[in-house]
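The structure appears right after this line, and notes come after that.
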Amino acid sequence: MTALGPRLAAAGLRTPRYDGHHLGLVLPAVADSLGAGRGPEDTAARAALALEPRERAVVVLVDGLGRGNLAELAGHAPFLRSLLAADTAGLVTGFPTTTASALGLFGTGHPGGRTGLVGYAARNPATGGLGNFVRWEGTPPPHEWQREPSLLGGLVDRGVRVTSVGLSRFAGSGLTSAVFAGATYVPVDRLGDRVDATLAALRTPGLVYQYWGELDKVGHRLGWRSAEWGAALETLDAELALLARSLPRGTNLVVTADHGMVDVDLARRVDVAQQPALAADVALLGGEPRAVHVYLRDGVDPVRAAARWSEALAEHAVVATRDEAVDDGWFGDVRTHVLPAVGDLVVVAKDRATVVDSATATSGLLAMVGVHGSLTPLELEVPFLRVAT
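My numbering numbers the first residue of the sequence shown as 293 and each following residue consecutively.
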């Protein structure tokens, strides 16, 4: 354990360990179950996740469905609840617990230190400005920045038919190109058409990947404890139950998620714009409200800045220097070209706290009720639910 370990533990946080059961094992395990693994590591992943050999597979990734979120509101999801007891995988996502970083881990098997997807938004070393990895704006071209091979593309190269079912606006997007290159993309915008599109693709043996984003959107807007989030979970559950009933024989169905979610406590929101001690010496803020990259002005000592931020945020967050966060393994092995994208300071929020900058944040971000990014169990732990026909 590094010096950060006790500070994280005292705050109810923990570092994801990429040598354990993490989201990046899912596709290697599925590949091996299809007889198309790359070797002993994929076989070990399949054994760890207890997947049986099959000629077809469906992997559904639900944005924002943490294991703790699902367990607490499982009454809204009888089908998924029926699978929870068998979920002993102990799967965690990567850091930050946010979609871009998690999809990088899921799609390549590697955390943000290798994919470069170190948050929702991070500094572009080429320009010094902020790049957004979800919209892929202000960033280098996808394959210049994210240099790890796509696991789906690797399956295609090994002769597996791979189909990705998702919204039409994600077809050919920067993030899709960065982590899911090689799959045949099937755009489906109507909710009720996803099961049909998946079953159509399963007429031929292979893998179908399906992304489900509605739950996260409702959570951001209204919170995961809202009635609307429960209703969205009910819809998801009904569609997945229909899919499971309709699968051809010889199919593995896997349901997982990119991260969980917490509902904010506005009394614990820290606004950097209103805190001169925090705003001093800051050139740029990146990340998100529960996992902030702080980029300092040239010449500022990060150790002294971290001490100042730690004092100001003692009740709300753990503050690490870049070196501390990297040494503690938050981003896994960090490539040379990725290192400048990591903040000079990295701030992870405790409990239900957030750190924002009202001078630059959008009204939509400031209005969010459900948020994620930090290292609480609710954000870090994701389900691994499976059905075999």
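Glycine included, C-beta positions come from ideal geometry on N, C-alpha and C.
Residue range of the alpha helix (DSSP H) that residue i falls in?
| i | result |
| --- | --- |
| Arg-517 | Note, Arg-517: premise wrong, no alpha helix (DSSP H); not H, not E. |
| Arg-359 | 359-364 |
| Trp-437 | 434-437 |
| Ser-374 | 370-376 |
| Ala-572 | No alpha helix (DSSP H) contains Ala-572, which DSSP labels as neither H nor E. |
| Thr-455 | No alpha helix (DSSP H) holds Thr-455; the beta strand (DSSP E) holding it covers 454-458. |
| Ala-301 | 296-302 |
| Val-595 | 594-604 |
| Gly-411 | Where Gly-411 is concerned, there is no enclosing alpha helix (DSSP H), given that its DSSP letter is neither H nor E. |
| Val-318 | 318-325 |
| Ala-342 | Element bounds for Ala-342: n/a, residue is neither H nor E. |
Is the CB-CB distance between residue i and residue j below 7 Å?
| i | j | result |
| --- | --- | --- |
| Ala-475 | Ser-460 | no |
| Leu-605 | Ala-597 | no |
| Leu-365 | Gly-522 | yes |
| Leu-663 | Val-546 | Per the sequence shown, residue 663 should be read as Val rather than Leu. Cβ distance not < 7 Å, so Val-663 and Val-546 don't count as in contact. |
| Asn-361 | Gly-552 | yes |
| Ala-549 | Leu-357 | yes |
| Gly-408 | Trp-437 | yes |
| Arg-573 | Val-592 | Here residue 573 turns out to be Asp, not Arg, going by the sequence shown. Cβ atoms of Asp-573 and Val-592: closer than 7 Å. |
| Leu-683 | Val-471 | The shown model of the chain, from 293 to 681, leaves out residue 683, and the question about it has no answer. |
| Ala-394 | Thr-400 | no |
| Thr-646 | Pro-568 | no |
| Tyr-503 | Pro-403 | no |
| Leu-677 | Leu-375 | yes |
Can you look up residue i in the DSSP assignment and give me helix, strand or coil?
| i | result |
| --- | --- |
| Trp-428 | coil |
| Thr-681 | coil |
| Glu-526 | helix |
| Gly-474 | coil |
| Trp-622 | coil |
| Gly-404 | helix |
| Ala-446 | A small fix is needed here, since residue 446 is Gly in this sequence, not Ala. The answer is helix: DSSP assigns Gly-446 an H, G or I state. |
| Gln-566 | helix |
| Asp-590 | coil |
| Val-630 | coil |
| Val-510 | helix |
| Ala-659 | coil |
At what residues does the beta strand (DSSP E) containing residue i begin and finish?
| i | result |
| --- | --- |
| Arg-348 | 348-354 |
| Thr-385 | Note, Thr-385: premise wrong, no beta strand (DSSP E); not H, not E. |
Three CB pairs or more closer than 8 Å across the region 655-675 and the region 379-398: yes
Stretch pair the region 527-546 + the region 339-349: three plus CB contacts closer than 8 Å: yes
Inter-stretch contact at 8 Å, needing at least 3 Cβ pairs: the region 442-449 / the region 422-429: no
Validate contact between the region 634-648 and the region 568-587 using beta carbons, cut 8 Å, 3 pairs: yes
Segment contact, 8 Å Cβ cut-off, at least three pairs: the region 528-540 with the region 486-493: yes
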